[in-house]
Every structure is written in structure tokens, then in C-alpha cells.
Amino acid sequence: MRITHDPETSVYTHSKKAWSNSYPLSRLPEWIAFYKKQRQDFPRAGRIYDEDIEALEALARRLNIPFE
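Right, dumping it as C-alpha cells:
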């Protein structure tokens, strides 16, 4: 899994083995909330969402983007 961002376009890219998507940085808090909700709603998935959440939160902290 990899998270990158382009400061010139204010876009970040979230890539995994089978897919890659780009989103505006303004939507980063929404995606953090989405993955946290997935983890809460599907506890049988175990820690599958943890890596995504940690990486997205790290990017938000690095760019001073508030999230919950």
C-alpha cells in the first residue's frame, strides 16, 4: 500500500496491489472516516483497514489537515 500526494495539484493517490485512485486532499478526512467506519462495521476483517488508516492519518498530520 502506498500514499503519495502532489502539492501542485492538491491531489493524493492511494495505491494498493490491485488498484490505485486519486482524490483531492480536501476529501482526505472523509476517506479516513470511511476506513474507520469500515473497521467498525466489519470487525471480522480484523486489522485489514489499519494500514490504510495509519497512512492516511500520517499524510493528514504531515499536511496539517484536521481529521477525527
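Be aware that the sequence shown starts at 1, since it is given in the working numbering, and climbs by one per residue.
Backbone N, C-alpha and C fix where the C-beta goes; we use that ideal spot for every residue, glycine too.
Since we're looking at a predicted model, the values are computed, not measured.
Boundaries of the alpha helix (DSSP H) in which residue i is found, first to last residue
i   : result
Y35 : L28 to D41
Euclidean distance between Cα positions of residue i and residue j
i   : j   : result
S22 : L28 : 11 Å
K36 : P7  : 25 Å
F67 : A60 : 7 Å
I48 : A33 : 15 Å
S26 : S10 : 8 Å
Residue interval of the beta strand (DSSP E) (run including residue i)
i   : result
R62 : Taken as a continuous stretch (DSSP letters only), R62 belongs to no beta strand (DSSP E), being part of the alpha helix (DSSP H) at D50 to R62.
P66 : Premise fails: P66 is in no beta strand (DSSP E) and is neither H nor E.
Supposed contact pair residue j and residue i - C-beta distance, whole angstroms, cut 8 Å
i   : j   : result
L56 : W31 : 6 Å
S15 : M1  : 7 Å
Sequence-distant residues of the same chain with beta carbon closer than 8 Å to residue i, five excluded per side
i   : result
R45 : Inspection of the sequence shows that residue 45 is occupied by Ala rather than by Arg. Cβ within range, chain order: Q38 and R39.
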